[in-house]
Every structure is written in C-alpha cells, then in structure tokens.
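*Asks:* Next up is a structure, given as structure tokens.
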Amino acid sequence: MNKSNAEKTKVLYCRTQAEGGQACARLLEPYGERKIRSGLQKRNQSRAGKLKKRLQGGGRPLIFEDLDIQLTAWFRERRSKKLCLSHTILQDEAVQMFNAEEDRELFKGSRRWLMKFLQRHNFRLRVPTTVCQKAPSDYVQKIVDFDV
Numbered sequence: 448m449n450k451s452n453a454e455k456t457k458v459l460y461c462r463t464q465a466e467g468g469q470a471c472a473r474l475l476e477p478y479g480e481r482k483i484r485s486g487l488q489k490r491n492q493s494r495a496g497k498l499k500k501r502l503q504g505g506g507r508p509l510i511f512e513d514l515d516i517q518l519t520a521w522f523r524e525r526r527s528k529k530l531c532l533s534h535t536i537l538q539d540e541a542v543q544m545f546n547a548e549e550d551r552e553l554f555k556g557s558r559r560w561l562m563k564f565l566q567r568h569n570f571r572l573r574v575p576t577t578v579c580q581k582a583p584s585d586y587v588q589k590i591v592d593f594d595v
C-alpha cells in the first residue's frame with residue numbers, strides 16, 4: 448500500500464499527539480501499529496533530529512569550489528577593511544576571478560548565482576555601522592534624570 452508523504456505525516460502526527468476519535472482511527476487502520484512505531488522511530492533517530500524536516504547536505508555540488516573559496520576570502524578581506532561592497536562589485540569580481548583561466552568561459556555570474564552565494568556563506572551586504580555604537584559615559588545619569 449503506497450501512501451503519500453502528506454498522509455504518512457498525518458498518521459504520525461495523529462499518533463504522536465494521541466488524538467482520539469474515529470478520524471484518527473480511520474487514518475491508523477491501514478498501517479497497523481508496527482509500521483507506525485517504526486516510522487516514529489526512524490523520524491526520531493534521523494540525523495536531523497525531531498525538529499528539522501529536511502536533512503542538510505543535499506543538493507548539487509559546486510562546480511567552481513576552489514574559486515568559491517577564493518571569492519569568500521576576498522569578500523571577507525574587503526569587509527574587514529570596511530570597503531564598499533555591492534551586488535555589482537561582487538558579481539564583477541566573481542566573473543573576473545572565475546573566468547581568469549583561459550579554459551573557463553562557462554561562468555556568467557548571474558543574479559541567481561549571487562543570491563545563492565550570499566546565502567551559502569551567510570553574507571549580508573549591509574554596511575557595518577560604527578557611529579553611536581558605544582553608550583555615552585554619563586549613560587546611567589541620563590537615565591536617572593529622564594525617569595525623575
């Protein structure tokens with residue numbers, strides 16, 4: 448009996464929440480107690496654990512992995528020097544870096560690639576602020592004066 452994932456999820460949810468009633472009994476009937484227990488056991492013992500729905504590590508491998516690492520280092524270097532970074536600057540540098548070798552003319556540096564790159568490395572292009580990051584020296588006194 449081949450059931451869809453949505454139906455299996457409903458059954459497991461019904462079983463874990465210990466909901467009673469005829470609707471739950473109808474859902475559990477075709478599976479049997481043994482299959483439901485093994486499904487719960489697999490779900491609880493998975494690598495992702497009880498909370499995650501998807502396993503990490505899936506997906507297509509990078510084609511230009513070494514160049515991706517170089518671009519990441521370049522990005523971090525620019526960020527540490529507090530130099531300007533934008534989408535176009537990053538795309539231009541990526542295209543220049545990836546197509547530097549003569550045999551590599553495949554890389555286009557599309558907008559989608561850029562968004563995936565930023566997401567993959569958890570980068571943000573927000574400008575780091577430095578003004579007013581520290582509390583003033585008379586911080587406590589100002590709060591006391593404000594409350595009174």
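All residue numbers for the sequence shown refer to my numbering, where the first residue is 448 and numbers rise by one.
Every residue gets a Cβ at the ideal spot worked out from N, C-alpha and C, and that includes glycine.
#1: Using only alpha-carbon positions, find the residue among Thr535, Ser527, Phe554, Ile536 that is nearest to Glu512.
#2: Thinking Leu532 and Arg523 are a contact (beta carbons under 8 Å), I'd like their distance in whole angstroms, please.
#3: The alpha helix (DSSP H) with Glu524 in it runs from where to where?
#4: If you reduce the DSSP assignment to three classes, tell me which class Ser485 lands in.
#5: Tell me whether Phe545 is buried or exposed, calling it buried when 16 or more other Cβ atoms sit within 10 Å of its Cβ.
#6: I need the DSSP call for His568, collapsed to helix, strand or coil.
#7: Beta-carbon within less than 8 Å of His534's beta-carbon, same chain only, minus the 5 sequence neighbours each way: which residues are those?
#8: Taking only three categories from DSSP, how would you classify Asp585?
*Replies:* Once the coordinates are examined:
#1: As a first step, residue 512 is located in the sequence shown; it is residue number 65 there, counting from the start. When only C-alpha atoms are compared, the closest one is Phe554.
#2: As a first step, residue 532 must be located in the sequence shown, where it is residue number 85. As a first step, residue 523 must be located in the sequence shown, where it is residue number 76. With 8 Å as the limit, Leu532 and Arg523 do not qualify as a contact, their Cβ atoms being about 11 Å apart.
#3: Translated into positions along the sequence shown, residue 524 becomes position 77. DSSP places Glu524 inside the alpha helix (DSSP H), whose first and last residues are 512-527.
#4: To locate residue 485, count along the sequence shown from 1; it is residue 38. It is helical.
#5: As a first step, residue 545 must be located in the sequence shown, where it is residue number 98. It is buried - the Cβ of Phe545 has at least 16 other Cβ atoms within 10 Å.
#6: As a first step, residue 568 must be located in the sequence shown, where it is residue number 121. Coil at His568, not helix or strand.
#7: Translated into the one-based positions of the sequence shown, residue 534 becomes position 87. Closer than 8 Å at the Cβ level, and outside the excluded window around His534, lie Arg558, Leu561, Leu572.
#8: As a position in the sequence shown, residue 585 is number 138, starting the count at 1. Coil, per DSSP.
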